[in-house]
Amino acid sequence: MSDFQDHTISGEDVKTDFLKDMTYSEYLSLDRILFSQNTMTDQHDETLFIIIHQVSELWMKLIIHEINSAISDIQDDDFRMAFKKLARVTNIQRQIISAWDVLSTMTPSDYLKFRDSLGNASGFQSYQNRMMEFSLGYKTTHALKIYEKDSVVHDMLKAQLNKPSIYDEAIRAVARAGFVIDEEVLERDVTESYVPNASVKEAFKQIYLNTDEYFELYEMLEKLVDVEDLYSQWRFRHMKTVERIIGFKKGTGGSSGVNYLKRVIDDYFFKELWELRSEL
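Using this note's numbering, you'd call the opening residue of the sequence shown number 2 and step up by one each time.
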């Protein structure tokens with residue numbers, strides 16, 4: 002045992018015999034996580050590239066977990082629990098956004114040394130990013146074809162596609178509070194992307210003009226704005242990082258790369274919440 006280890010546990014009743022007990026590594030499945038960086042080349046920066054994306058995927062998994070739980074809370078009108086989870090989501094989003102700063106330390110020359118080894122693999126194929134989009138209300142049925150190779154993933158995505166989004170449930174909560182929402186919105190096909198509706202915007206507008214009376218609904222809607230704001234920031238940093246590293250080349254998955262990423266920056270999940278700001 003080293004001097005450092007002796008000093009660390011000196012005077013402490015620290016357990017050192019784990020022959021029959023679960024260890025920290027076992028609990029976290031670190032043997033699987035830390036040995037999953039399977040590089041295709043011997044290029045130094047490929048490890049960075051893999052870890053950045055793996056860590057982001059883990060954060061996405063937690064975001065999906067929290068959003069789906071917040072959806073259940075909103076269905077039960079348990080807004081305080083929903084707020085807690087959505088606040089957690091926004092903090093996770095900030096973590097994912099900051100990951101682009103680390104990836105940006107990789108230069109175009111560094112990336113070119115292993116880019117061809119990716120083949121057609123691309124972040125565009127991230128099924129968890131797709132699940133996040135579904136949970137927020139951007140539904141793309143045709144995108145399921147990308148995941149036919151993996152039946153488990155395909156079924157997970159289909160299940161998320163068939164669920165109401167958090168925006169659907171927020172609108173229903175507003176309707177339960179007595180606001181008039183068109184039936185076509187409340188009974189819409191939730192497997193399709195949401196289409197903005199005048200009755201929804203008018204209800205939201207009244208909530209924003211009477212925040213003291215409808216504070217929980219107002220806070221719920223502002224939490225959604227927080228999530229979308231940070232999602233847009235993530236998209237922007239994604240676009241700029243890609244532009245910095247590969248310029249305007251096509252993406253490995255066949256997309257137009259930066260041009261595609263620029264287009265989606267202006268896509269909205271909760272359009273009425275942004276439009277009403279000009280009308281208050």
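Where is the CB? At the ideal position from N, CA and C, for every residue including glycine.
Asked, Found
"Going by DSSP in three states, R95 sits in which element: helix, strand or coil?", "helix"
"Would you identify the three-state DSSP class for K206, choosing helix, strand or coil?", "helix"
"If you draw a straight line from the alpha carbon of I93 to that of R177, how long is it in whole angstroms?", "30 Å"
"What are the boundary residues of the alpha helix (DSSP H) that includes I34?", "31 to 34"
"Apart from the five residues just before and just after T212, which ones in its own chain have a Cβ nearer than 7 Å to its Cβ?", "Y219"
"What separation, rounded to the nearest whole angstrom, lies between the Cα atoms of S279 and D32?", "53 Å"
"Can you give me the start and stop residues for the alpha helix (DSSP H) that T242 sits inside?", "216 to 247"
"Just to confirm before moving on: does the CB-CB distance between H239 and W101 stay below 8 Å?", "yes"
"Excluding sequence positions up to five away, which residues of its chain have a Cβ less than 6 Å from the Cβ of D111?", "D46"
"Let me make sure I understand the geometry here. Which of S136, F19, S73, L104 has the alpha-carbon closest to that of I247?", "L104"
"By alpha-carbon positions, which one of V175, E193, L113 ends up nearest to A144?", "E193"
"Take K86 and list the residues in its own chain whose beta-carbon comes closer than 8 Å to its own, dropping the five residues that flank it on each side.", "E67, I68, S70, A71, D74"
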